[in-house]
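Novice:
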Amino acid sequence: MQSRFDRIGGEEYIEHALVGLQLAVALTPRAHVLRGGRLSNLGLAHLARFTRIGNLADLEYSIAASAEAVELTSDDDPEAIRRLNGFASAARARFQCVGALEDLDKAIFLFERVAHLTPDVHPDKSGYLSNLAVALRARFNRLGNVGDLERAVCL
């Protein structure tokens, strides 16, 4: 359902996906190996709906689910990069809406972890570095710290 929402944009598709994902998370014990993935998917679905509809509550849900997913995921987990990137994207989106610098700092920290954990030969490495550069540029625009701009350019 979420992929159909991503392609077509019908709100009913994301609603169905969110109901299913919320139920899956609710039925998955905290220590269960699949909980992190289900939380990550829930966070990404809320982020997708926020992107389309703009309801700040979706962004808050995305951040909460993504944070728990990352907390349950070790750095050597094959899904760690994707989960960290989702959390970072949600934090950056909240910075863009609310303007809280701590959200941008959190996004930069998470994007740095993504870049560090991603092998140079990974096909998405350049995209992850671009995410970090965009966040660093946003912080430069906000604070005027030339070091952030220099780091962004050197990525």
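Following my numbering, the numbering of the sequence shown begins with 10 at its first residue and continues without gaps.
Yeah, the Cβ is synthetic: ideal placement off N, Cα and C, and Gly gets one too.
(1) Within this structure, are the beta carbons of G52 and S75 separated by less than 8 Å?
(2) Leaving aside the five residues before and after N150 along the sequence, list all residues of the same chain whose C-beta is less than 7 Å from its C-beta, in chain order.
(3) Buried or exposed: which applies to N64, given that a residue is buried once 16 or more other Cβ atoms fall within 10 Å of its Cβ?
(4) Indicate whether S71 and A116 have their beta-carbon atoms separated by less than 8 Å.
(5) My output table needs one value for D84: the three-state DSSP class, helix, strand or coil.
(6) For D133, does the three-state DSSP call read helix, strand or coil?
(7) Does the beta-carbon distance from F118 to N140 come in below 8 Å?
(8) Hey, out of A89, L158 and V155, whose CA is closest to T127's CA?
(9) Check whether the Cβ atoms of R103 and L152 sit closer than 8 Å, and answer yes or no.
(10) Give me, in chain order, the residues of the same chain whose beta-carbon lies closer than 6 Å to that of L137; leave out the 5 immediate sequence neighbours on both sides.
(11) From T37 to Q31, what does the alpha carbon distance come to, in whole angstroms?
(12) When you compare only the Cα positions, how much space is there between A161 and A144?
Specialist: Here's the rundown:
(1) As a first step, residue 52 must be located in the sequence shown, where it is residue number 43. As a first step, residue 75 must be located in the sequence shown, where it is residue number 66. Taking 8 Å as the Cβ cut-off, G52 and S75 qualify as a contacting pair.
(2) Here residue 150 refers to the residue found at position 141 of the sequence shown. Excluding positions up to five away in sequence, the list is empty.
(3) Translated into the one-based positions of the sequence shown, residue 64 becomes position 55. By the neighbour-count rule (16 or more Cβ atoms within 10 Å), N64 is not buried but exposed.
(4) Numbered from 1 along the sequence shown, position 62 holds the residue referred to as residue 71. Numbered from 1 along the sequence shown, position 107 holds the residue referred to as residue 116. Going by C-beta atoms, S71 is not nearer than 8 Å to A116.
(5) Taking the sequence shown and counting its residues from 1, the one referred to as residue 84 is at position 75. Residue state, collapsed to three classes: coil.
(6) The residue labelled residue 133 in the question sits at position 124 within the sequence shown. Residue state, collapsed to three classes: coil.
(7) To locate residue 118, count along the sequence shown from 1; it is residue 109. To locate residue 140, count along the sequence shown from 1; it is residue 131. It is not a contact, given that the beta carbons lie outside the stated cut-off.
(8) Position 118 of the sequence shown, counted from the first residue, corresponds to residue 127. The shortest Cα separation from T127 among A89, L158 and V155 belongs to A89.
(9) The residue you call residue 103 lines up with position 94 of the sequence shown. The residue you call residue 152 lines up with position 143 of the sequence shown. Contact: no.
(10) To locate residue 137, count along the sequence shown from 1; it is residue 128. The sequence as given places Tyr at residue 137; Leu does not occur at that position. If we look at Y137 and ignore the five residues flanking it on each side, its Cβ neighbours are V123, A124 and T127.
(11) Taking the sequence shown and counting its residues from 1, the one referred to as residue 37 is at position 28. Taking the sequence shown and counting its residues from 1, the one referred to as residue 31 is at position 22. Cα to Cα, T37 sits roughly 10 Å from Q31.
(12) Along the sequence shown, read from residue 1 onward, the residue named residue 161 stands at position 152. Along the sequence shown, read from residue 1 onward, the residue named residue 144 stands at position 135. Approximately 8 Å between the Cα atoms of the pair.
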